[in-house]
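Residue numbers (our numbering), protein chains in the order written: chain A, 363 to 654; chain B, 363 to 654.
All C-beta atoms in this analysis are idealised placements derived from N, C-alpha and C, irrespective of residue type, glycine included.
The structure displayed is predicted, hence computed values, not measured ones.
Below is one structure, written out as structure tokens, with a few remarks after it.
Protein chains: 2
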Amino acid sequence: MPPPPSLIATCPVGVYDSGFGGLTVLRQLRRTLPELDYLYLGDSGRAPYGGRDVDTVLDFAEQCVERLLAEGCRAIVVACHTVSCVALRHLQQRYGSEGRRILGVTIPAAEAAVAQTRGHIGFVGTARTVASHTFRTEVRKLNPDVEVSEIAAPLLAPIVEEAWEDTEIARLAVQRYVEKFSGIDTLVLGCTHYPLLERAFNELTPPDVAVLNPAPQVAERFRAWRERHPGLAPAGSGRLRVLSSGDAGRFARHGARFLGEPLPPVEHVAEQGGRLALCPEGSEPIGQVVRL
Amino acid sequence: MPPPPSLIATCPVGVYDSGFGGLTVLRQLRRTLPELDYLYLGDSGRAPYGGRDVDTVLDFAEQCVERLLAEGCRAIVVACHTVSCVALRHLQQRYGSEGRRILGVTIPAAEAAVAQTRGHIGFVGTARTVASHTFRTEVRKLNPDVEVSEIAAPLLAPIVEEAWEDTEIARLAVQRYVEKFSGIDTLVLGCTHYPLLERAFNELTPPDVAVLNPAPQVAERFRAWRERHPGLAPAGSGRLRVLSSGDAGRFARHGARFLGEPLPPVEHVAEQGGRLALCPEGSEPIGQVVRL
Numbered sequence: 363m364p365p366p367p368s369l370i371a372t373c374p375v376g377v378y379d380s381g382f383g384g385l386t387v388l389r390q391l392r393r394t395l396p397e398l399d400y401l402y403l404g405d406s407g408r409a410p411y412g413g414r415d416v417d418t419v420l421d422f423a424e425q426c427v428e429r430l431l432a433e434g435c436r437a438i439v440v441a442c443h444t445v446s447c448v449a450l451r452h453l454q455q456r457y458g459s460e461g462r463r464i465l466g467v468t469i470p471a472a473e474a475a476v477a478q479t480r481g482h483i484g485f486v487g488t489a490r491t492v493a494s495h496t497f498r499t500e501v502r503k504l505n506p507d508v509e510v511s512e513i514a515a516p517l518l519a520p521i522v523e524e525a526w527e528d529t530e531i532a533r534l535a536v537q538r539y540v541e542k543f544s545g546i547d548t549l550v551l552g553c554t555h556y557p558l559l560e561r562a563f564n565e566l567t568p569p570d571v572a573v574l575n576p577a578p579q580v581a582e583r584f585r586a587w588r589e590r591h592p593g594l595a596p597a598g599s600g601r602l603r604v605l606s607s608g609d610a611g612r613f614a615r616h617g618a619r620f621l622g623e624p625l626p627p628v629e630h631v632a633e634q635g636g637r638l639a640l641c642p643e644g645s646e647p648i649g650q651v652v653r654l
Numbered sequence: 363m364p365p366p367p368s369l370i371a372t373c374p375v376g377v378y379d380s381g382f383g384g385l386t387v388l389r390q391l392r393r394t395l396p397e398l399d400y401l402y403l404g405d406s407g408r409a410p411y412g413g414r415d416v417d418t419v420l421d422f423a424e425q426c427v428e429r430l431l432a433e434g435c436r437a438i439v440v441a442c443h444t445v446s447c448v449a450l451r452h453l454q455q456r457y458g459s460e461g462r463r464i465l466g467v468t469i470p471a472a473e474a475a476v477a478q479t480r481g482h483i484g485f486v487g488t489a490r491t492v493a494s495h496t497f498r499t500e501v502r503k504l505n506p507d508v509e510v511s512e513i514a515a516p517l518l519a520p521i522v523e524e525a526w527e528d529t530e531i532a533r534l535a536v537q538r539y540v541e542k543f544s545g546i547d548t549l550v551l552g553c554t555h556y557p558l559l560e561r562a563f564n565e566l567t568p569p570d571v572a573v574l575n576p577a578p579q580v581a582e583r584f585r586a587w588r589e590r591h592p593g594l595a596p597a598g599s600g601r602l603r604v605l606s607s608g609d610a611g612r613f614a615r616h617g618a619r620f621l622g623e624p625l626p627p628v629e630h631v632a633e634q635g636g637r638l639a640l641c642p643e644g645s646e647p648i649g650q651v652v653r654l
């Protein structure tokens with residue numbers, strides 16, 4: 363029996379990322395399933411996650427997923443590769459159930475890469491993503507004969523967060539990282555920020571190397587999953603809400619580049635007592651802060 | 363009455379930073395007071411602090427200061443501008459006493475800038491440092507007629523962490539930030555990473571703008587303070603211990619660029635039960651991490 367309309371109206375698909383980057387995944391999801399409602403949470407006040415220790419990543423991921431669940435989400439796509447590589451299983455064990463699912467991007471990325479490669483995949487991601495070797499692990503499960511080279515590119519997400527992806531700085535940084543690979547035939551963009559650097563990657567990799575943005579495969583896998591679980595991601599009216607822990611105005615302005623269309627007014631969330639709470643912006647204290 | 367030698371031997375000056383950057387301050391301190399023992403703590407596993415919320419910065423600062431106090435420090439220099447701008451007063455109220463002092467870098471930086479300016483100071487720092495406006499507040503206390511322009515430069519610390527400070531990428535990034543200032547006569551490097559970019563700053567600012575690294579003034583103020591409080595920072599034998607929450611080998615390699623000399627073997631610290639504890643490295647997990 364389908365749920366009553368009032369419930370449907372409050373059950374958006376949650377899309378979680380450390381910042382702007384996941385909007386590139388949301389863009390694909392909305393293209394594939396435009397009739398769903400979506401709630402995007404970008405933790406840009408604390409991005410990038412890539413250089414943080416594992417405990418911090420788990421703390422942030424718990425807070426963000428709890429916020430999305432509190433907003434009524436029953437299906438959450440963890441768009442961030444760092445969280446997906448390190449914390450997905452933890453999130454699934456802690457929050458997943460028959461009525462709530464947490465999905466990641468690492469397995470879709472591995473599937474897309476294995477389908478395309480002639481034998482040697484390059485993977486570029488954050489320091490934490492690469493240190494986890496989770497992408498390589500997932501590729502080996504699909505085909506143990508495929509070689510995987512993983513390179514950390516800690517500067518690329520900050521460059522995109524700064525909206526400098528069309529500068530010479532971005533080109534030079536991409537070049538430095540790409541030069542570290544040798545003999546690959548497929549290069550996976552293993553961070554949701556990197557599709558904004560796709561032109562630089564395409565120009566700076568050899569012509570026989572295919573640059574792969576995993577987002578379409580993530581959306582395709584989500585579409586297939588949703589056919590089996592329509593109740594967890596019911597059809598809505600294509601609405602979109604956006605939450606951010608960073609500067610809301612800046613998020614709306616920059617976010618449009620990632621989403622490919624203007625964002626709705628961005629709602630602000632902030633850490634309060636270990637939880638991520640909806641709160642008006644500008645409540646951040648100025649100057650010295652003394653805590654009793 | 364001076365303390366007995368056994369106590370002197372265990373009373374180093376603590377120097378605390380979010381990562382590598384404070385080693386540029388330690389370098390000045392050791393140049394000014396080479397006979398003291400120093401204990402450096404770089405919280406690089408959780409760096410950068412610049413995008414964190416205030417509560418988190420306070421939590422981290424408490425943990426780090428408590429570790430240094432537990433190691434016998436009676437005088438602690440908070441070298442990190444972010445911590446100094448946001449959490450110094452809190453640390454002083456919570457941990458300071460007749461026998462223990464916590465010193466910051468913001469007031470020395472303001473003093474050096476006010477002594478040098480002809481009326482308009484530029485200040486470049488992390489997002490959190492700039493959002494606090496603490497530097498401007500301190501300048502205005504010294505001279506309310508001085509104008510202060512503060513610019514956040516979120517990409518510069520990551521560039522230095524990547525050891526790319528001598529690349530064209532660094533030059534172009536410094537140029538973009540410097541161009542945002544107008545009419546300044548003095549530019550304060552308000553992050554301990556930036557002295558490694560001093561050449562770029564000097565080349566890319568107009569010739570009538572003085573680029574100011576506050577570290578010598580921090581060391582000079584510490585020297586004067588220490589003359590009044592010799593018991594809190596007794597002469598030792600110039601020994602140095604280094605603790606880091608990040609990768610210890612990487613910290614030792616990169617740290618030498620900041621300190622200007624090789625580092626001793628770096629000891630690893632990690633958060634355990636809300637405290638920063640000495641613990642062997644290599645405990646960092648690979649792959650998916652599930653926390654109970």
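Can you check whether the CB of residue j is closer than 9 Å to the CB of residue i?
i	j	result
B:V631	B:S606	yes
A:T386	A:P642	no
B:V375	B:C435	yes
B:T496	A:G413	no
B:P596	B:L450	no
A:G466	A:V439	yes
B:G481	B:D507	yes
B:L401	B:V604	yes
B:A519	B:A437	no
A:V540	A:L566	yes
A:A441	A:V377	yes
B:A602	B:L638	This sequence places Leu at residue 602 of chain B; Ala is not what is there. Result no, Cβ atoms of B:L602 and B:L638 do not sit closer than 9 Å.
B:D417	A:R653	yes
B:V510	B:I483	yes
A:L388	A:L621	yes
B:D570	B:T479	no
B:R538	A:W587	no
B:L391	B:F584	yes
Considering residue i, what are the terminal residues of the beta strand (DSSP E) in which it resides?
i	result
B:D379	V375 to D379
B:A595	It is not in any beta strand (DSSP E) - B:A595 carries neither H nor E in the DSSP assignment.
A:E643	That residue, A:E643, is in no beta strand (DSSP E); it is neither H nor E in DSSP.
A:E523	No beta strand (DSSP E) holds A:E523; the alpha helix (DSSP H) holding it covers L518 to E523.
B:V573	A572 to L574
B:S511	E509 to A514
A:A437	A437 to V440
B:S607	No beta strand (DSSP E) contains B:S607, which DSSP labels as neither H nor E.
Put residue i into one of helix, strand or coil per three-state DSSP.
i	result
B:I370	Any answer about B:I370 is weak, because its pLDDT of 45 lies below 50 and its placement is not dependable; what the coordinates show is given next. Correct three-state label for B:I370: helix.
B:G649	coil
A:G404	strand
B:A632	strand
B:A614	helix
B:R463	strand
B:C426	helix
A:L621	helix
B:H495	coil
B:F382	coil
B:L654	coil
B:A639	strand
B:S446	helix
B:T548	strand
B:A409	coil
In the DSSP assignment, the alpha helix (DSSP H) including residue i goes from what residue to what residue?
i	result
B:H555	Unbroken run through B:H555: none, as it is neither H nor E.
A:F543	Neither: A:F543 is in no alpha helix (DSSP H) and is coded neither H nor E.
A:L395	Counting along the chain, A:L395 falls outside any alpha helix (DSSP H), and DSSP gives it neither H nor E.
A:P470	T468 to Q478
Checklist entry - Are the region 514-521 of chain A and the region 472-492 of chain A in contact at 8 Å, needing three or more beta carbon pairs? => result yes
Checklist entry - Is it a yes or a no for the region 471-482 of chain A touching the region 567-579 of chain A, going by three-plus beta-carbon pairs under 8 Å? => result yes
Next on the checklist: Would the region 377-386 of chain B count as touching the region 552-568 of chain B if we require 3 or more Cβ pairs under 8 Å?
Outcome noted: yes
Next on the checklist: With three or more beta-carbon pairs closer than 8 Å as the criterion, would you say the region 525-533 of chain B touches the region 415-427 of chain B?
Outcome noted: Contact annotation: the region 525-533 of chain B does not touch the region 415-427 of chain B, with fewer than three C-beta pairs closer than 8 Å.
Checklist entry - Closer than 7 Å, Cβ to any Cβ of chain B: which residues of the region 442-471 of chain A, in chain order? => result V448, A449, L450, R451, H452 and Q455
Checklist entry - Mind listing which residues of the region 469-497 of chain B have their C-beta closer than 8 Å to chain A's C-betas, in chain order? => result A493, S494, H495 and T496
Checklist entry - In the region 521-534 of chain A, which residues sit with their C-beta less than 8 Å from some C-beta in chain B, listed in chain order? => result I521, E523, E524, W526, T529, E530, I531 and L534
Item to check | Residues in the region 407-420 of chain A having any Cβ partner in chain B nearer than 9 Å | outcome: G407, R408, A409, P410, G413, R414, D415, V416, D417, T418, V419 and L420
Checklist entry - Which residues, in chain order, does the region 616-637 of chain A contribute to contact with chain B at a C-beta distance below 7 Å? => result A632 and E633
Item to check | Proximal residues, the region 497-510 of chain A versus chain B, C-beta separation under 8 Å | outcome: Listed by position along the chain: T499.
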